[in-house]
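In the working numbering, the protein residues as written are 4 to 142. All C-beta atoms in this analysis are idealised placements derived from N, C-alpha and C, irrespective of residue type, glycine included. Every value quoted in this text rests on a predicted model; they were computed, and no experiment measured them. Below: one structure, written as structure tokens.
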């Protein structure tokens, strides 16, 4: 003997209730992400990926997410396991490596294209990035 009858109408009610519970859970989760600064940190990371060729100031980036500089740096490192400044350098080095190895461009042209203002600083950073990764992970 069935405890309740299963028909199209009862399936529809169960699906609707399930959708409502999922929507509530997602809304609650998103609210928590906003409160903890994770969403802001993610949006700042996306901004960094689009604007790494420009001079980027940590305090200005933090303000974009309504965070203090310290809170931003701490959250970024916690989420992405890399400091924000190091992430910008990594983005620049990936692009520099692509321009040098795939496009055959000389360093004296590349450094300006990836956000450096000084060729010497670029050379030092590029050399350090190439020495810090294994041949498998080389950028």
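On the CB-based measure, 16 or more other CB atoms within 10 Å of its CB, does residue 91 come out buried or exposed?
Buried.
Return the chain-ordered list of same chain residues with a C-beta closer than 6 Å to the C-beta of residue 95, the five sequence neighbours on each side being excluded.
Closer than 6 Å at the Cβ level, and outside the excluded window around residue 95, lie 55, 117, 118.
Which complete alpha helix (DSSP H) runs does the segment 22-73 hold, if anything under 4 residues is left out?
The qualifying runs are 41-54, 61-67.
Pull up the CB-CB distance for residue 64 and residue 75, whole angstroms please, since I reckon it's below 8 Å.
Indeed they touch by this definition, with Cβ atoms about 6 Å apart.
Quick one: any contact between the segment 77-86 and the segment 109-129, if contact means 3 or more CB pairs under 8 Å?
Two segments are said to touch when three or more pairs of C-beta atoms, one from each, lie closer than 8 Å; by this definition the segment 77-86 does not touch the segment 109-129.
beta-carbon residue 92 near the ligand SAM non-hydrogen atom, thresh 6 Å
With respect to the ligand SAM, the structure shown offers nothing to examine, as it has no ligands at all.
If I follow the unbroken alpha helix (DSSP H) through residue 113, where does it start and stop?
Element bounds for residue 113: 110-116.
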